[in-house]
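Student: Here it is, the structure in full.
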């Protein structure tokens, strides 16, 4: 079968380059860049539409929602420009979204850029926030500068690796002595201690602490949680790190534009084509076999799946060395976020919230202690009794997502562990009701407007979107799983220790978020290696 497929491909013009778009937008980005460089690219998508977790789907008749992430904060301007995504259909329903830290009594805190009003905010915090944000943005910009390039090897690297490390050291020195010392002090510290040092407001500290752990198996007191927050700020939109936008049509419009760009460049996208295994012959990846039994030969195989799935399920442990397999096994990637979708027959009535703010980003994280206690449960295999949430009602800004006069509410929930002690089959409905009760504390009578409710937990993300461990970022964004350490030391440059096999997903540098840089960086590394071969 393999030989026949090779012969057919030869008649059609030579071996293809396969890009595995199993669950991530980075596969589409990588495919688009490779195709633009003249490579024949076949994208094999397991689902019936490309984009994986970054899609818009109908969860109740007439109600559509972004499946996982629902707000756009990190899509890199270079990717938007290079792939001309606006010409391929990318539109924004809103940009520079405000954030409201909800309070049960209705005295909410509004954060608009670096401006703070309401809640328990003090005059001192209003003065401190712009100074704090400016300094943190400076640190994040240093990281962001290296997000858009292949990370250097720490040992045994090339002259290019040495030069990159040298530039990194020089950039640190150029920050000035005080900022360099502060950066080195903070990079491994926890977000809780930093916020306690700088602010008084519980609502503000809860909000920023929640931002640092969103989508991760961490609490504000977890070491390295500040690093995760800096990563959120590292990509600047309109010159603002961490600026929040709302894509028209949901996140599916983003991956739709990426798919259109890849197709326009010459890539072939095949949906409903799940890959069963990577074909390895003589120590080299030579193609893939689909679950249907079809063989697709290729000169190289690129996977956007997480590192563990890519190697242990697709390549097979017998084709990798024991040391490398052990390193992969120890990647921390415990999913700890759930997603609640509500179809509503009316705009949800949040207490004390002006209707003009109904389309803002709403956060339930009233204090640092609240967020930390929510994480405490997940340490012991329990879901949080009082979870933190990021809530958005996208239909306020984009009415196309719901029937006329009705709305969609989408909420990311922390913390809901992948390995729940009693199992999610028995706990799902109980947890869903608890989340609705929690929302009703801030939006009385919300439950009376619910037409349909859906809860996705980490095991759903794994089964539906093929995210190993149900982790959105394919591994924690922590100092020991970051830059040249991601996914593991010695394999951070997208080319894996198996000839012809590459990774381009969120498990590689620079990590998770709908950023596109992992796919872009991987493509550039592949193109450079092809030229040198």
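Residue numbers (this note's numbering): 36 to 568. Glycine is no exception: its CB is placed at the ideal position from the N, C-alpha and C atoms.
#1: So, for residue 618: in the same chain, excluding its five sequence neighbours on each side, which residues have a beta-carbon less than 6 angstroms away from its beta-carbon?
#2: Provide the residue span of the beta strand (DSSP E) that contains residue 488, from first to last.
#3: If we ignore side chains and look at the alpha-carbon of each, how far apart do residue 333 and residue 238 end up?
#4: To the nearest angstrom, report how far apart residue 314 and residue 321 are at their CA atoms.
#5: Within its chain, find whatever has a CB closer than 6 angstroms to the CB of residue 196; leave out the 5 residues flanking it on each side and keep chain order.
#6: How about residue 113 and residue 395: are their beta carbons less than 8 angstroms apart?
#7: Between which residues of its own chain and residue 296 is the CB-CB distance below 7 angstroms, once the five residues before and five after are set aside?
#8: For residue 437 and residue 97, which I take to be in contact (beta-carbon distance under 8 angstroms), what is that distance rounded to the nearest angstrom?
#9: Label residue 198 either buried or exposed according to how many other C-beta atoms from any shown protein chain fall within 10 Å of its C-beta, with 16 as the threshold for buried.
#10: Using CA coordinates, which residue listed in 108, 60 and 192 is at the minimum distance from residue 129?
#11: In the DSSP output, what is residue 518 paired with across the bridge?
#12: So the candidates are 377, 208 and 214; which of them puts its Cα closest to the Cα of residue 166?
#13: Measure the Cβ-Cβ separation of residue 64 and residue 555 and say whether it is below 8 angstroms.
#14: Run the proximity test for residue 67: is its beta-carbon closer than 7 angstroms to any non-hydrogen atom belonging to the ligand SAH?
#15: Expressed to the nearest angstrom, what Euclidean distance is found between the alpha-carbon atoms of residue 520 and residue 526?
#16: Below 8 angstroms CB to CB, which residues in the same chain sit around residue 420 once its five sequence neighbours on both sides are set aside?
#17: Skipping 5 residues on each side, what residues in its chain have a beta carbon closer than 7 angstroms to that of residue 409?
#18: Output yes or no for whether 8 angstroms exceeds the beta carbon distance between residue 236 and residue 248.
#19: Between the alpha carbons of residue 158 and residue 146, how many angstroms are there, rounded?
#20: Is it a yes or a no for the segment 287–294 touching the segment 70–86, going by three-plus beta-carbon pairs under 8 angstroms?
#21: Using 8 angstroms as the cut-off, can you tell me whether the segment 489–497 makes contact with the segment 452–459, which would need three or more C-beta pairs spanning the two stretches below that distance?
#22: Curious, which full-length beta strand (DSSP E) runs of at least 3 residues does the segment 536–564 contain?
Tutor: Taking the definition as stated:
#1: Because residue 618 is not part of the residues shown, which for the chain are 36 to 568, the question remains open.
#2: Under the DSSP assignment, residue 488 falls in the beta strand (DSSP E) whose first and last residues are 485–491.
#3: Rounded to the nearest angstrom, the gap between the Cα atoms of residue 333 and residue 238 is 53 angstroms.
#4: Residue 314 and residue 321: Cα-Cα distance of roughly 6 angstroms.
#5: Closer than 6 angstroms at the Cβ level, and outside the excluded window around residue 196, lie 187 and 188.
#6: Going by C-beta atoms, residue 113 is not nearer than 8 angstroms to residue 395.
#7: Contacts found: 67, 118, 119, 120 and 123.
#8: Taking a contact as a CB-CB distance under 8 angstroms, the pair residue 437 and residue 97 counts as one, their CB atoms being some 7 angstroms apart.
#9: Taking a 10 Å sphere around the C-beta of residue 198, we find fewer than 16 other C-beta atoms and assign the residue as exposed.
#10: Looking at the Cα atoms, 108 is the closest of the given residues.
#11: In the DSSP output, where bridge partners are listed per residue, residue 518 has none listed.
#12: For residue 166, the nearest C-alpha among the options comes from 214.
#13: In contact: residue 64 and residue 555 (Cβ atoms closer than 8 angstroms).
#14: This structure lacks the ligand SAH; in fact it carries no ligand of any kind.
#15: Approximately 8 angstroms, taken between the alpha carbons.
#16: Excluding sequence neighbours, residue 420 sits near 412 and 469.
#17: Cβ neighbours of residue 409 within its own chain (closer than 7 angstroms, five residues either side excluded): 419, 421, 422, 423, 449 and 450.
#18: Going by beta carbons, residue 236 and residue 248 fall outside the 8 angstroms limit.
#19: Here the alpha carbon of residue 158 sits roughly 14 angstroms from the alpha carbon of residue 146.
#20: Contact annotation: the segment 287–294 touches the segment 70–86, with at least three C-beta pairs closer than 8 angstroms.
#21: The segment 489–497 makes contact with the segment 452–459; the number of CB pairs closer than 8 angstroms reaches 3 or more.
#22: Complete beta strand (DSSP E) runs here, min 3: 536–538.
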